[in-house]
Amino acid sequence: MSSSTITATTSTSQTASSAATSYTEDSESYSYGKPVSAGAAVGIGIGSAVAGGLITAAVFLFLRWRRRNRREHLETAPKHASEQKPESQTLGSGALDTLPQPIPYSALIQDLSKLETAIKNFVDNFFHTQRASSDIREDPLIVLAGPAPDGVSWAARLLHPETRLIGLRSLIARAVFKRIDPRFDPMDTLLPVHVAVVYSSILAEANAINDGSSVPYFQAIWRQMTAYLLPLTSHSSRISEGESRKESIRSLASDITAATGPIRNQKSPERCLQVLEDLLGDAAILGFRLFSQADEWECSWSVPRRGGIVVFPGLNLLGHIKDSDEVQVTAISNEVVEN
571 MSSSTITATT STSQTASSAA TSYTEDSESY SYGKPVSAGA AVGIGIGSAV AGGLITAAVF
631 LFLRWRRRNR REHLETAPKH ASEQKPESQT LGSGALDTLP QPIPYSALIQ DLSKLETAIK
691 NFVDNFFHTQ RASSDIREDP LIVLAGPAPD GVSWAARLLH PETRLIGLRS LIARAVFKRI
751 DPRFDPMDTL LPVHVAVVYS SILAEANAIN DGSSVPYFQA IWRQMTAYLL PLTSHSSRIS
811 EGESRKESIR SLASDITAAT GPIRNQKSPE RCLQVLEDLL GDAAILGFRL FSQADEWECS
871 WSVPRRGGIV VFPGLNLLGH IKDSDEVQVT AISNEVVEN
């Protein structure tokens, strides 16, 4: 396994330091069971039609790949005098080259840095460090971001004025990265709902496919094909009103503001909600860009020292090498802030 490390440098108004971690994926416990909304139901219906075309295209590429390998084998095998070279039944070899190219690491780091800065600015502008107006319930926070790290409850961290702002940054970042992970609950995702539903089914059935190490390779082709074939609104800088992601963004923004109400500034609540929705929209676009890459990815929330909290995760890009069990890892470091 070969690995290279790229470090993203960020700034914070608090005592902060960026550190490369040991990049191992933490196990997370997520709460599912959210009722299916009307928008999600429509998305699933649309997904059935989209999925049929995408899966058909994936099967076509697989058959084309297998036919080409068979032809190359025939060309290199010893020939008898009576053998005739079969006519090619395949398309040009550059068909796969039209799929989206990987995001340059410099651009990916820039996108991650912009998202981290947006979360920090949102927290600094719309939350106070005074005494909370009432208690904060832990259960809604766990639904948003999963169990609190380091054995300290989210509620306790947010109620304490000295740990409130960094706790909020960590909470929002975890809520976001849970929902742009294609392995997360497809009914509570910031990815296009119909795409998340189909890909969840693909992952669920992957273990039943007896194709060895080729499975991740064809999953990567499917993700790239999906990004290529979906409407251009999936690639735009803003998410339009008609997309399923818009409802998911509004739902998550509403849940975050409701769970953190006792520590939020009461001025301009409409502006607070709008800024949060814009932030989550940027996160959803980043999530789909990550989804469309050949490399899979996973978050790293590891803390390299005691007494710190990860306010923004590291990212491991996992490049599956075709016909091999080897995985090439490229790591982008997280940001840790002292408690």
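Residue numbering for the sequence shown follows this note's numbering, starting at 571 and increasing by one per position. For glycine and all other residues, C-beta sits at the position ideal for the given N, C-alpha and C. These numbers come from a predicted model, not from an experiment.
Asked: Pair within 8 Å by beta-carbon distance, LEU728 and ILE826; Found: no
Asked: Segment limits, alpha helix (DSSP H) that includes GLU840; Found: 839–861
Asked: Cβ contact check for the region 726–740 and the region 844–857: 3 or more pairs under 8 Å; Found: no
Asked: Rounded separation between ARG739 and ARG834 - CA only; Found: 13 Å
Asked: Reference LEU735, options VAL693, PHE747 and ASP720, closest by Cα; Found: VAL693
Asked: As assigned by DSSP and simplified to three states, the class of VAL873; Found: coil
Asked: Whole-angstrom distance between ALA766 and THR796, CA atom to CA atom; Found: 11 Å
Asked: Classification of LYS837 by the beta-carbon crowding that lies within 10 angstroms, buried from 16 upward; Found: exposed
Asked: Opposing strand residues paired with ILE679 [DSSP bridges]; Found: For ILE679, which the question treats as bridged, DSSP gives no partner whatsoever.
Asked: Same chain only: Cβ atoms within 8 Å of LEU760, ignoring 5 sequence neighbours per side; Found: VAL746, ARG749, ILE750, ARG815, SER818, ILE819, LEU822, LEU850, ALA853, ALA854 and GLY857
Asked: Proximal residues to ALA828 (C-beta, below 8 Å), its chain only, five neighbours per side dropped; Found: PRO710
Asked: Distance between VAL785 and SER683 (C-alpha atoms, nearest Å); Found: 32 Å
Asked: Outcome for GLU866 when other beta-carbon atoms lying within 10 angstroms are tallied against a minimum of 16; Found: buried
Asked: Per-residue DSSP class, three states only, for VAL713; Found: helix
Asked: Enclosing alpha helix (DSSP H) for VAL880 [first to last residue]; Found: From DSSP, VAL880 is part of no alpha helix (DSSP H) but of the beta strand (DSSP E) over 878–882.
Asked: Check whether ASP705 and ILE879 have beta carbons under 8 Å apart; Found: no
Asked: DSSP three-state assignment for GLU817, whether helix, strand or coil; Found: helix
Asked: Same chain only: Cβ atoms within 8 Å of ILE772, ignoring 5 sequence neighbours per side; Found: GLN789 and TRP792
Asked: Proximal residues to ILE742 (C-beta, below 6 Å), its chain only, five neighbours per side dropped; Found: ILE689
Asked: For GLU732, three-class secondary structure by DSSP; Found: coil
Asked: Contact check, SER862 vs ASN886, beta carbons under 8 Å; Found: no
Asked: Own chain partners of GLY737 with C-beta closer than 6 Å, once the 5 adjacent residues on each side are dropped; Found: ARG727 and LEU728
Asked: Residue environment, PRO674, which counts as buried when at least 16 other CB atoms sit within 10 Å; Found: exposed
Asked: Run of the alpha helix (DSSP H) containing LEU773, from where it starts to where it stops; Found: 763–776
Asked: 7 Å Cβ shell around LEU685 - same chain, five flanking residues per side excluded; Found: ASP852, ALA853 and LEU856
Asked: Three-state secondary structure assigned by DSSP to PHE692; Found: helix
Asked: Coarse secondary structure for PHE697, derived from DSSP in three states; Found: strand
Asked: Distance, PRO762 Cα to GLY812 Cα; Found: 11 Å
Asked: ARG808 (DSSP reduced to helix, strand or coil); Found: coil
Asked: Which of helix, strand or coil DSSP assigns to LEU760; Found: coil
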